[in-house]
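Trainee: Dropping a structure here in structure tokens format, bear with me for questions.
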């Protein structure tokens with residue numbers, strides 16, 4: 001057991017970090033491995049890979065994931081901002097490169113290949129964008145000579161245009177929703193709420209009009225007889241078959257028909273083999289992480305930390321909600337992974353970056369430390385009025 005009397009970087013980290021948050025994230029990672037034992041083998045066998053290929057790869061990816069969360073959580077607020085800015089800038093450039101030169105997978109150019117390894121830059125743009133936008137809005141709130149609100153608004157189109165070129169409407173929608181949450185927390189007027197709502201509806205209509213795959217998915221969601229409802233049927237069948245207590249680990253049938261049982265539809269596989277009760281427990285675990293982080297955001301006196309924690313928590317919670325809503329047919333199909341549960345290297349590493357930021361921002365810091373990390377001439381923190 002570490003003593004409070006020992007003053008080393010490790011002991012300081014241990015006594016200031018949110019250990020309950022780390023434990024909850026650890027539970028998610030373990031749950032992901034357990035659920036992947038059911039969803040991974042059918043997909044691996046179908047494409048001619050070893051039975052536990054995806055499970056073994058996921059276990060390997062978890063090693064750098066855990067190390068990255070711990071490493072990033074040691075950063076100061078200034079270090080978080082610098083790393084986020086560098087990651088965001090590099091990520092946006094790589095998104096443009098992927099859109100122009102990346103391989104076409106399922107009608108989109110979202111990946112960059114490095115030999116046998118693939119990288120999806122948009123995954124790393126998400127958490128870094130949230131921190132950079134929170135930084136811009138907080139600077140606008142604290143410094144009259146800093147046009148933070150304008151910079152915060154300009155960050156959105158610079159970020160989503162490369163995503164639309166790929167095209168990746170799902171990530172675009174997710175980033176836009178998180179940005180709107182940041183905009184709201186930063187203190188916008190009600191007139192801006194209405195304006196953002198109208199712009200959002202116009203964006204959805206434009207996507208429906210100009211993106212064939214978006215129109216196809218929306219129409220299939222509204223009318224299951226309008227197109228191929230293969231995934232919809234087996235996703236629903238998995239929950240019907242599993243009922244409250246499940247068919248038992250490895251006994252699922254629907255997973256053999258779902259093409260993405262190890263990624264987008266891992267929640268459906270969990271429902272069939274472990275039952276609705278376990279799914280509700282998983283929902284409760286996600287809810288605990290979200291509510292605990294929002295509670296931490298409410299307690300902090302630092303404007304940047306409050307906005308960044310809120311944004312990162314919203315990003316994490318929304319991604320989980322979208323995945324589970326798609327699995328339960330509450331919204332149109334969209335390729336969105338379930339955080340730390342679905343298989344995916346880029347997804348895991350980007351989540352590690354975002355959660356590392358979140359753990360670093362929620363660490364207990366003396367008020368004098370927070371003030372010393374603000375630029376000279378910074379006014380006292382005040383969130384309300386950023387856009388006023």
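Residue numbers (the UniProt record's numbering): 1 to 388. All C-beta atoms in this analysis are idealised placements derived from N, C-alpha and C, irrespective of residue type, glycine included.
1. With a CB to CB cut of under 7 angstroms and the five nearest residues on each side skipped, what residues in its chain are close to residue 178?
2. If you compare alpha carbons, which of 21, 298 and 39 is closest to residue 342?
3. Do you know offhand how far residue 111's Cα is from residue 100's?
4. For residue 395, which residues from the same chain have a beta carbon less than 8 angstroms from its beta carbon, with the 5 sequence-adjacent residues on both sides left out?
5. Give the straight-line distance between the Cα atoms of residue 270 and residue 322, rounded to the nearest whole angstrom.
6. So, do the stretch 244-254 and the stretch 271-281 have three or more beta carbon pairs nearer to each other than 8 angstroms?
7. Using a threshold of 8 angstroms, state whether the C-beta atoms of residue 166 and residue 126 are closer than that.
8. Hey, which unbroken runs of the alpha helix (DSSP H) at 4 residues or more fall wholly within the stretch 114-180?
9. Measure the CB-CB distance between residue 135 and residue 81 and report whether it falls below 8 angstroms.
10. Spatial neighbours of residue 132 within its chain, please: CB distance less than 6 angstroms, with the 5 preceding and 5 following residues excluded, ordered by chain position.
11. Whose C-beta lies closer than 7 angstroms to the C-beta of residue 261 among residues of the same chain, with five residues either side of it excluded?
12. Take residue 158 as the anchor and find which of 296, 91, 257 and 45 has the nearest alpha-carbon.
13. When you compare the CB positions of residue 31 and residue 288, do they come within less than 8 angstroms of one another, or not?
14. Quick check on residue 356: buried or exposed, where buried means 16 or more other Cβ atoms within 10 Å of its Cβ?
15. Using only the heavy atoms of the ligand COA, determine whether one of them is closer than 7 angstroms to the beta carbon of residue 206.
16. Locate the alpha helix (DSSP H) running through residue 13, then write down its first and last residues.
17. For residue 146, which residues from the same chain have a beta carbon less than 8 angstroms from its beta carbon, with the 5 sequence-adjacent residues on both sides left out?
18. Taking a contact to mean a Cβ-Cβ separation below 8 angstroms, would you say residue 346 touches residue 119 in this structure?
19. Looking at residue 362 and residue 309, is the spacing between their C-beta atoms short of 8 angstroms?
20. Which whole-angstrom value is the C-beta distance of residue 64 and residue 349, which I expect to be below 8 angstroms?
21. Taking all protein chains shown into account, do 16 or more other C-beta atoms lie within 10 angstroms of the C-beta of residue 113, making it buried, or fewer, making it exposed?
22. Using only the alpha-carbon positions, how far apart do residue 239 and residue 143 sit?
23. According to DSSP, is residue 47 part of a helix, a strand, or is it coil?
24. Ordered along the chain, which non-local residues of its own chain (more than five positions away) have a Cβ less than 7 angstroms from that of residue 389?
25. Quick one, are the C-beta atoms of residue 182 and residue 307 less than 8 angstroms apart?
26. Taking 8 angstroms as the limit between beta carbons, can you name the residues of its chain near residue 368, skipping five residues before and five after?
27. What is the rounded straight-line gap between the Cα of residue 186 and the Cα of residue 204?
28. For the putative contact between residue 29 and residue 55, defined by C-beta atoms under 8 angstroms, what is the C-beta separation to the nearest angstrom?
29. Look up residue 108 in the DSSP assignment and say whether it is helix, strand or coil.
30. According to the neighbour-count rule (16 or more other Cβ atoms, all chains shown, within 10 Å of its Cβ), is residue 50 buried or exposed?
31. Alpha carbon to alpha carbon, how far is residue 352 from residue 75? Give it in angstroms, no decimals.
32. Which of the three DSSP states is assigned to residue 244 in this structure?
33. Reducing DSSP to helix, strand and coil, say where residue 251 ends up.
Mentor: From the atom records:
1. Within the chain shown, the letter at position 178 stands for residue 178. If we look at residue 178 and ignore the five residues flanking it on each side, its Cβ neighbours are 130, 311, 314, 315 and 318.
2. As a position in the chain shown, residue 342 is number 342, starting the count at 1. Of the listed residues, the one whose Cα sits closest to residue 342 is 39.
3. As a working note, residue 111 is residue 111 in the chain shown. As a working note, residue 100 is residue 100 in the chain shown. Distance between the alpha carbons of residue 111 and residue 100: 10 angstroms.
4. The structure shown has nothing for residue 395, since the chain only spans 1 to 388.
5. The residue you call residue 270 lines up with position 270 of the chain shown. The residue you call residue 322 lines up with position 322 of the chain shown. Straight-line Cα distance between these residues: approximately 16 angstroms.
6. The answer is yes - the stretch 271-281 touches the stretch 244-254, with three or more Cβ pairs under 8 angstroms.
7. Walking along the chain shown from the start, residue 166 turns up at place 166. Walking along the chain shown from the start, residue 126 turns up at place 126. Judged by beta-carbon spacing, residue 126 lies beyond the 8 angstroms limit of residue 166, meaning their Cβ atoms are not closer than that value.
8. Contiguous alpha helix (DSSP H) elements confined to the stretch 114-180 occur at 121-142 and 148-165, taking only those with 4 or more residues.
9. Numbered from 1 along the chain shown, position 135 holds the residue referred to as residue 135. Numbered from 1 along the chain shown, position 81 holds the residue referred to as residue 81. For residue 135 and residue 81, yes; Cβs fall inside 8 angstroms.
10. Start at 1 with the first residue of the chain shown, and residue 132 comes out as number 132. Once the five neighbours on either side are set aside, the close Cβ partners of residue 132 are 84, 85 and 88.
11. The residue you call residue 261 lines up with position 261 of the chain shown. Apart from sequence neighbours up to five positions away, the residues of its chain that approach residue 261 with a beta-carbon distance below 7 angstroms are 39, 42, 43, 255 and 269, ordered along the chain.
12. For the purposes of this step, residue 158 is taken as the residue at position 158 of the chain shown. Comparing Cα-Cα distances from residue 158 to each of 296, 91, 257 and 45, the minimum goes to 91.
13. Taking the first residue of the chain shown as 1, we reach residue 31 at position 31. Taking the first residue of the chain shown as 1, we reach residue 288 at position 288. In this structure, residue 31 sits away from residue 288, with a CB-CB distance that is not shorter than 8 angstroms.
14. Mapped onto the chain shown, residue 356 falls at position 356. So residue 356 ends up on the buried side.
15. With respect to the ligand COA, the structure shown offers nothing to examine, as it has no ligands at all.
16. In the chain shown, counting from the first residue as 1, residue 13 sits at position 13. Note, residue 13: alpha helix (DSSP H), 9-16.
17. Taking the chain shown and counting its residues from 1, one reaches residue 146 at position 146. The residues are 139 and 140.
18. Counting from one through the chain shown, the residue named residue 346 turns up at place 346. Counting from one through the chain shown, the residue named residue 119 turns up at place 119. Yes; because the gap between Cβ atoms is below 8 angstroms, this pair is in contact.
19. The count along the chain shown starts at 1 and reaches residue 309 at position 309. The count along the chain shown starts at 1 and reaches residue 362 at position 362. Yes, the Cβ-Cβ distance between residue 309 and residue 362 is below 8 angstroms.
20. Against the chain shown, residue 64 aligns to sequence position 64. Against the chain shown, residue 349 aligns to sequence position 349. About 6 angstroms separates the two Cβ atoms, so the contact holds.
21. In the chain shown, residue 113 corresponds to position 113, counting from 1. Residue 113 should be labelled exposed.
22. Along the chain shown, one-based indexing puts residue 239 at 239. Along the chain shown, one-based indexing puts residue 143 at 143. So the alpha carbons of these two residues sit roughly 53 angstroms apart.
23. Here residue 47 refers to the residue found at position 47 when the chain shown is read from its first residue. Under the three-state reduction of DSSP, residue 47 is assigned to coil, being neither helix nor strand.
24. The question about residue 389 has no answer here: the residues shown for the chain are numbered 1 through 388.
25. On the chain shown, residue 182 is found 182 positions in, with the first residue counted as 1. On the chain shown, residue 307 is found 307 positions in, with the first residue counted as 1. Contact flag set, yes.
26. Taking the first residue of the chain shown as 1, we reach residue 368 at position 368. Residue confidence for residue 368 is low, a pLDDT of 47 falling below 50, so the modelled location carries little weight; the figure read from the coordinates is stated next. Excluding residues within five positions, none has a Cβ falling inside 8 angstroms.
27. In the chain shown, the residue the question calls residue 186 occupies position 186. In the chain shown, the residue the question calls residue 204 occupies position 204. Cα-Cα distance, rounded: 24 angstroms.
28. Taking the first residue of the chain shown as position 1, residue 29 is located at position 29. Taking the first residue of the chain shown as position 1, residue 55 is located at position 55. Contact between residue 29 and residue 55 is ruled out by a C-beta separation of about 13 angstroms, above the 8 angstroms threshold.
29. Locating residue 108 in the chain shown gives position 108, where the first residue counts as 1. Strand.
30. If you number the chain shown from 1, residue 50 lands on position 50. Around the Cβ of residue 50, a 10 Å sphere holds fewer than 16 other Cβ atoms; the residue is exposed.
31. The residue given as residue 75 occupies position 75 in the chain shown. The residue given as residue 352 occupies position 352 in the chain shown. Computed Cα separation, rounded: 14 angstroms.
32. As a position in the chain shown, residue 244 is number 244, starting the count at 1. Here residue 244 sits in coil by DSSP.
33. Locating residue 251 in the chain shown gives position 251, counting from the first residue. Residue state for residue 251 is assigned as coil, using DSSP reduced to three classes.
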